[in-house]
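Colleague: For the sequence shown, UniProt numbering begins at 1 and goes up steadily by one. We put the beta carbon where it would ideally sit given N, CA and C, even for glycine. It should be emphasised that the depicted structure is a prediction, and the values quoted were computed from it without experimental measurement. My questions will all concern the structure given below.
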Amino acid sequence: MTSVDQLEYFTRQLEEAAARLRGGELEPEQAARLVEECARVAGDAANELDRRVRAAADPPAPGQTTLPTQTS
Numbered sequence: 001m002t003s004v005d006q007l008e009y010f011t012r013q014l015e016e017a018a019a020r021l022r023g024g025e026l027e028p029e030q031a032a033r034l035v036e037e038c039a040r041v042a043g044d045a046a047n048e049l050d051r052r053v054r055a056a057a058d059p060p061a062p063g064q065t066t067l068p069t070q071t072s
C-alpha cells in the first residue's frame, strides 16, 4: 500500500466511524470503543504524514540512495 493509499484508507475508516457515531444506534460502550479506535487511526495517519514530511524535507546525503517504502 502506498502512502497515499494508506492515507485514503485512514480517511475512509474515520469517515465510516463518524457515520456510525452520528447514527446514534451504538450503545455507550460500543461508541467509546469506536472513539478509541478513531484516536488510534488518527494517530496512525499523523505518523504517516509526519514520515512523509520528514522524507520530503531530508533528501539523502550525497552518494546515498533512498530506501523503498514498505508496501502491504
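Considering only residues of the same chain and omitting the five flanking positions on each side of Ala45, which have a CB-CB separation below 6 Å?
Modeller: Answer for Ala45: Phe10, listed in chain order.
Colleague: Just curious, the alpha helix (DSSP H) that Asp44 is in, first and last residue?
Modeller: Here the alpha helix (DSSP H) through Asp44 covers 28–57.
Colleague: By DSSP, does Gly23 sit in helix, in strand, or in coil?
Modeller: DSSP places Gly23 in helix when its eight states are reduced to three.
Colleague: Is it buried or exposed for Gln6, if we count other Cβ within 10 angstroms and need 16 for buried?
Modeller: Buried: at least 16 other Cβ atoms inside 10 Å.
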